[in-house]
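So the structure is just underneath, and the comments pick up after that.
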Ligand SMILES: CC(C)(COP(=O)(O)OP(=O)(O)OC[C@H]1O[C@@H](n2cnc3c(N)ncnc32)[C@H](O)[C@@H]1OP(=O)(O)O)[C@@H](O)C(=O)NCCC(=O)NCCS
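In my numbering, the protein residues as written are 6 to 284.
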């Protein structure tokens, strides 16, 4: 009999091993981080006492996000994935999410469509070594007392409350975060998460039509990551940023489709995803 339980630290070895059958490069620290952000929203699927699958969520105000959905290969196509997905959706609805998002491999879009998710736009995941650019006078490193401004700017652009996520990222000393000051606050910010010798760029959010600002922020973040192996997940339509990355030697790894259950949030901004599992 299948049943879902809340993930605990004792499930991390299983979660890491299962996630990495897909080369997701997950570590126990990654699951600890997502569980710190959403302690009741990370799940393990059991058959009796045997672990079969996992799924994580994060609630961000009116937006919820689902990630790390995976079932052991031998137990797929029997409804296990749907059970986990429905459990995650129910949890996020209880947390008052009006819209739920996820990134889907293109070949799984129909699976999510059968659960009423609708495809939105395509994203690319690019990988490469972070280059160095000379400093831009307009961009400056974010400080602790900029966080409120960043959270507010992010909320206006994305229509979601990412305070807990942004604070957790920006307050870690090893993670770079830069802002572009404007007359009444900021016109964009960009951050990254450093994991030893690798890093993931994002989130980066900039007012729409501020392509140059987005490029400046991305360059500042990459320069701080200089020499690290970096991944970036961004919309396929952001050609200026993609060209900048390709010029620096970044290569496309894979593509995903952003999908939403409920109305797609108004996103009038230039945007680099925070991560695949948190949007
Ligand atoms: C995505 C994933 C979690 C789905 O898990 P699953 O257990 O196979 O999911 P389900 O069994 O509920 O549904 C899968 C398909 O099997 C079908 N199915 C379910 N029960 C079935 C049964 N008893 N007999 C035949 N088919 C069945 C479903 O209708 C569904 O079909 P669809 O894809 O055409 O919609 C699984 O494929 C997986 O772990 N993939 C690798 C990790 C991954 O890619 N994760 C997603 C990242 S976006």
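Beta carbons: idealized from backbone N, C-alpha and C, even for Gly.
Tell me whether residue 264 sits in a helix, a strand or coil according to DSSP, three-state version. Strand.
Excluding five sequence neighbours on each side, which residues of the same chain lie with their C-beta closer than 7 Å to the C-beta of residue 97? Excluding sequence neighbours, residue 97 sits near 62, 64, 69, 105.
Where residue 197 and residue 254 are concerned, what is the direct C-alpha to C-alpha distance, given to the nearest angstrom? Pairing residue 197 with residue 254, the inter-Cα distance amounts to about 19 Å.
First and last residue of the uninterrupted alpha helix (DSSP H) at residue 272: Here residue 272 belongs to no alpha helix (DSSP H), and DSSP marks it neither H nor E.
So the beta strand (DSSP E) residue 251 belongs to, where does it begin and stop? Per DSSP, residue 251 belongs to no beta strand (DSSP E); it is in the alpha helix (DSSP H), 244-252.
Around the Cβ of residue 48, are there at least 16 other Cβ atoms within 10 angstroms (buried) or fewer (exposed)? Residue 48 comes out buried.
Are there 16 or more other CB atoms within 10 angstroms of the CB of residue 111, so buried, or fewer, so exposed? Residue 111 comes out exposed.
With a cut-off of 8 Å on the beta carbons, I'd call residue 135 and residue 232 a contact; round off their distance for me. Confirmed, Cβ separation roughly 6 Å.
Given 6 Å as the limit, tell me if residue 246 has its C-beta closer than that to any heavy atom belonging to ligand 1. Every heavy atom of ligand 1 is 6 Å or more from the Cβ of residue 246, so no.
Can you give me the start and stop residues for the beta strand (DSSP E) that residue 121 sits inside? It is not in any beta strand (DSSP E) - residue 121 carries neither H nor E in the DSSP assignment.
Quick test of your reading: residue 241 and residue 122, contact by CB under 8 Å. State the CB separation rounded to the nearest angstrom. That belief does not hold up - the Cβ atoms of residue 241 and residue 122 are roughly 19 Å apart, past 8 Å.
For residue 92, which three-state DSSP category applies? Helix.
Between residue 59 and ligand 1, is there a pair consisting of the residue's CB and a ligand heavy atom that are separated by less than 6 Å? Residue 59 has its Cβ no nearer than 6 Å to any heavy atom of ligand 1.
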